[in-house]
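In the numbering used here, the protein residues as written are 197 to 393.
C-beta atoms are modelled at their ideal positions from N, C-alpha and C, and glycine is treated no differently.
First up is the structure itself, then whatever we jot down about it.
Dropping the structure here:
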């Protein structure tokens with residue numbers, strides 16, 4: 197197909213995100229940064245989170261300069277329950293509702309099974325699975341408030357991986373297992389809470 201035959205496409209043709217409030221975990225780099233960027237340039241108010249406060253703040257300031265949307269940061273180590281709760285509480289102090297939660301934070305560790313540390317396994321599982329559950333739980337009241345005030349429901353978007361549906365060629369034991377668990381977790385959340393947001 198030639199380039200001329202492809203239709204023109206803009207993000208704003210799919211949905212209007214102007215003035216929506218969006219939280220992106222892992223939003224200071226990689227896929228999370230690309231997601232945050234797309235929302236900001238289409239007028240959303242974006243909140244990004246990352247462990248590195250300095251980087252997170254700098255990225256948020258840079259995104260705000262792009263406009264027309266805005267961005268600010270709430271740094272935290274989301275592999276820890278206490279940090280998920282703190283970040284959610286801080287967001288609730290600043291915002292009345294949350295339109296979109298994007299669970300994007302993730303970690304990986306590749307090593308042969310004979311030397312694969314259990315601490316690495318725990319870290320990957322905590323960030324890739326547990327933080328998805330905890331952030332969604334702690335932010336549920338803000339998501340429900342968005343659903344009450346808007347014609348469009350609030351959304352929870354989890355960034356997955358093909359490694360959750362196939363066996364990878366690399367020895368990423370915890371990562372692959374975590375992505376399978378995250379897929380099933382979101383299916384359970386959908387069944388139990390799709391009515392509320």
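For residue 236 against residue 254, the beta-carbon gap comes to about 14 Å, at or over 8 Å, which does not count as contact. Here residue 235 is not bridged, per DSSP, to any residue. Per the Cβ contact rule, the segment 318-330 is not in contact with the segment 241-250 (fewer than 3 Cβ pairs under 8 Å). For the 8 Å CB-CB criterion, residue 331 and residue 270 do not form a contact. Between residue 309 and residue 369, the C-beta spacing is below 8 Å. For residue 213, no beta strand (DSSP E) segment is defined, and its DSSP state is neither H nor E.
Counting only runs of 3 or more residues that sit fully inside the segment 244-324, the beta strand (DSSP E) segments are 266-269, 296-299, in chain order.
The beta carbons of residue 234 and residue 252 sit no closer together than 8 Å. When C-alpha distances from residue 333 are compared across 239, 280, 257, the shortest belongs to 280. Just measuring C-alpha positions, the residue of 220, 286, 231, 336 sitting nearest residue 388 is 336. Ranking 282, 238, 276, 250 by CA distance to the CA of residue 261 puts 238 first.
Looking from the CA of residue 375, the closest CA among 385, 344, 363 belongs to 363.
Check the Cα spacing between residue 289 and each of 338, 221, 365: the tightest is with 338.
For residue 327, the CB contacts under 8 Å within the same chain, skipping 5 residues up- and downstream, are 221, 274, 275, 280, 299, 301 in chain order. Just measuring C-alpha positions, the residue of 367, 366, 355 sitting nearest residue 377 is 355.
Under the DSSP definition of a beta bridge, residue 219 partners with 243, 297.
Between residue 256 and residue 295, the C-beta gap is not smaller than 8 Å, which leaves the two residues out of contact.
Here residue 366 is not near residue 329, since their CB atoms are 8 Å or more apart.
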